[in-house]
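Here my numbering is used: the first residue of the sequence shown is 4, the next is one more, and so on.
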Amino acid sequence: MTVDLHMHSSSSDGAMAPDALMRFANLQCGVSTIALTDHDTVGGVAQARAEACRLGMRFISGIEISSFWAKKNIHVVGLGVDETHVELLAEANRLSLQRDRRAVQIGDKLAELGYPGMYQAALAKALNKDNISRLHFAQALLEIGAVPNIQVAFDRFLSDGCPAFVDAGWAHMTETIDLIHRAGGIAVLAHPGRYKYPELWQLEELVRAFKEAGGEAIEVYSGSQSAAYTRHCMQWATIYDFHVSVGSDFHSTQGVRPLPGQQGQIPEGMKSVLDLL
């Protein structure tokens with residue numbers, strides 16, 4: 004069984020339509036258990052589920068919700084959520100409006116830095132015009148030659164503390180976890196190795212706080228996360244009694260992250276998040 008519980012379609016900032024993503028993951032990458040976890044939307048879940056079921060895959064509805072903790076932008080994956088849940092849909096709509104406001108502000112900041120027209124360029128990159136992400140700005144910056152690759156765009160302009168970063172006003176991590184639970188889902192701390200804390204103990208504080216807030220699982224294998232962070236996540240999963248999840252965080256074949264299912268699988272002997280779903 005090949006598992007991938009974190010990926011993105013064109014409903015947010017991925018390159019493939021939800022049904023095409025299911026076909027690619029299954030037929031070309033061998034994934035048999037899959038979750039669609041688009042940023043702040045469940046708009047692609049129904050289409051993805053229908054295609055995954057047609058292919059004989061185990062499908063898990065999901066979402067990756069933007070939130071914050073201790074002034075840090077944190078992503079929480081909700082697995083097994085009811086995509087028709089009224090509160091979840093209301094929050095997704097609020098986040099969509101926040102994303103649009105943030106996108107305009109990022110465009111303004113980039114213009115001040117000498118890169119005009121980036122909001123329009125990012126909007127053109129977004130297949131879903133209601134879900135403009137920082138990745139779309141990174142793609143636009145890459146296209147004009149302002150950066151050599153997507154990661155540099157984040158490191159130089161778009162990540163926390165960078166000159167074009169905008170705090171979008173996400174909900175607190177605890178509120179996000181509670182919302183996922185009310186929508187019938189399991190809360191997973193997404194890609195811990197990507198939060199760029201200067202000291203490891205600071206990341207462990209986040210992990211501990213996530214557990215205390217009711218989070219059930221942590222991603223131990225995630226996208227391009229380093230082997231060192233994977234080891235730390237496995238240790239914390241044991242120390243704090245987490246179930247474990249894995250996901251490629253796949254967006255497109257042009258990215259630096261692994262293809263669906265190629266991120267590493269749930270380790271034997273550890274509690275699988277699938278047991279909760």
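For each residue, glycine too, the CB sits at the ideal point set by N, CA and C.
Provide the residue span of the alpha helix (DSSP H) that contains residue i, from first to last.
i	result
E90	89 to 115
R61	R61 -> not in any alpha helix (DSSP H); beta strand (DSSP E) instead, spanning 61 to 72.
K274	From DSSP, K274 is part of no alpha helix (DSSP H); its letter is neither H nor E.
V155	153 to 156
E207	203 to 215
Y122	121 to 128
M4	Where M4 is concerned, there is no enclosing alpha helix (DSSP H), given that its DSSP letter is neither H nor E.
I242	230 to 242
Q266	Taken as a continuous stretch (DSSP letters only), Q266 belongs to no alpha helix (DSSP H), as it is neither H nor E.
R137	137 to 146
E54	48 to 57
Hey, out of the options, whose CA is closest to residue i's CA?
i	options	result
F67	R57, N134, R234	According to the sequence displayed, residue 67 carries Glu and not Phe. Checked all of R57, N134, R234; the closest Cα to E67 is N134.
K132	R159, S99, E146	S99
R137	A125, W72, I221	A125
I109	A73, E94, S162	S162
T5	A28, T179, S70, A240	A28
I37	L144, K274, H194, Q265	Q265
According to DSSP, simplified to helix, strand and coil, what is residue i?
i	result
Y224	strand
T40	coil
G321	With the chain running from 4 to 280 in the structure shown, residue 321 is simply not present.
V191	strand
D163	coil
A174	strand
F253	strand
M10	strand
P21	helix
D133	coil
A149	coil
R260	coil
List the endpoints of the continuous beta strand (DSSP E) containing residue i.
i	result
H246	246 to 250
V80	75 to 82
Measure the alpha-carbon distance for residue i versus residue j and round it to whole angstroms.
i	j	result
G218	Q257	32 angstroms
V150	A141	8 angstroms
G117	Q123	15 angstroms
C32	E115	43 angstroms
T87	H246	26 angstroms
V276	I77	20 angstroms
H175	V155	28 angstroms
Report buried or exposed for residue i, applying the criterion of at least 16 other Cβ atoms within 10 angstroms of its Cβ.
i	result
L203	exposed
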